[in-house]
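Enquirer:
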Amino acid sequence: MRVRKLIKIFSVCLFVILIILFLHKKERIIINETDINKFEHLDIIVTSGQSFQSKVLNLINFSFESYTHVGIICKENNNVFVLHSTTDGTKDNGIRYDNLQSFIELSNVNYYKILRSENIAKSVSSINKSIDKYKTLKIAFDYDFDNLNKEQVYCSELVYDIYKSNGIITSKLDLKKPIHPKIFTKLKELTTIKERKSTDNNAYEKSLAK
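Under the working numbering, the first residue of the sequence shown carries the number 1084, and numbering increases by one thereafter.
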C-alpha cells in the first residue's frame, strides 16, 4: 500500500515537471548584424530550442541537455543559411535549407553556440559539394536515430556525416548510439567561437575569437 502511494506521488510530481518543461518558454533570439558578422561559411551551430518537437526529441533521447538541434552555416554573400534535418520538414523530407532567422524560429531558439574547425579551409570545396548534394535529396527525418540507416537522417547525423566524410571530424564516436548535439561542443576538432542568449534571459554575447 505504501509503495503504491509512493508511486502515485512520484507520477504526479513527474507529470508536474513535464508540464512545466513544456509550458515554460523564454524569448527567442532575434538575429542582428553583429550575429551575421560573426558567422563564417561552414561553421556549425548548436542550439537550445523551445518548440514542442525540440522537447519531445530530448525526452525520446532520455536527455535533458540544453542543446536540442544542430546545423551547418552556409554564407552566401552577406546572407546566412542553415542546412539541417528537422521534424519541421515535410513528411518525405526532413532536410531543410533555411535562412538563419527562419532556422531560429522553427525551434523557437533562445540560445546558440557557434563552433568552427581551424582546418576547414582545405575542405571547403568538397564540403560545398556535399551540401549541394544534400540540398537536392529528399530524405525523411530519422525518428529512430539510427546512424547506420542512411535512408533517413536526423540533425546530428547529417552534420557528422558531412564533416566526417570530408576529413574534418576524426574523433571516433559510438555510432550504435544516437549522436546528441552536445557532442559537437566536446570534439577536439572544433572550437567555440561565439555564444548567444535571448534578451529575455539577460542576454549576453561573448566571443572567444578576437
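Positions of the beta carbon are idealized from the N, C-alpha and C atoms, including for glycine.
No experiment lies behind these values; they were computed from the predicted model shown.
Tell me the DSSP bridge mates of residue 1181?
Expert: Paired residues: 1165.
Enquirer: In this structure, how does DSSP classify residue 1122 when only helix, strand and coil are distinguished?
Expert: Correct three-state label for residue 1122: coil.
Enquirer: Name, in chain order, the residues that DSSP records as bridge partners for residue 1228.
Expert: BP columns for residue 1228 are empty, so no partner.
Enquirer: With H, G and I counted as helix, E and B as strand and the rest as coil, what does DSSP make of residue 1159?
Expert: Strand.
Enquirer: Hey, could you find the ends of the alpha helix (DSSP H) residue 1240 is sitting in?
Expert: 1238-1248 is the span of the alpha helix (DSSP H), which, as asked, contains residue 1240.
Enquirer: To the nearest angstrom, how far is it from the Cα of residue 1134 to the Cα of residue 1161?
Expert: Model confidence at residue 1134 stands at a pLDDT of 48, short of 50, so the residue's coordinates are unreliable; what they give is reported in the following sentence. Roughly 28 Å separates the two Cα atoms.
Enquirer: Could you compute how far the alpha carbon of residue 1144 sits from the alpha carbon of residue 1239?
Expert: Note that residue 1144 scores 47 on pLDDT, short of 50, meaning its location in the model is unreliable; the coordinates nonetheless yield the value given after this. Between residue 1144 and residue 1239, the C-alpha separation is close to 12 Å.
Enquirer: Is the distance from the Cβ of residue 1210 to the Cβ of residue 1125 below 8 Å?
Expert: Yes, these two residues count as a Cβ contact at 8 Å.
Enquirer: Nearest CA to the CA of residue 1153: which residue from 1202, 1215, 1265?
Expert: When only C-alpha atoms are compared, the closest one is 1265.
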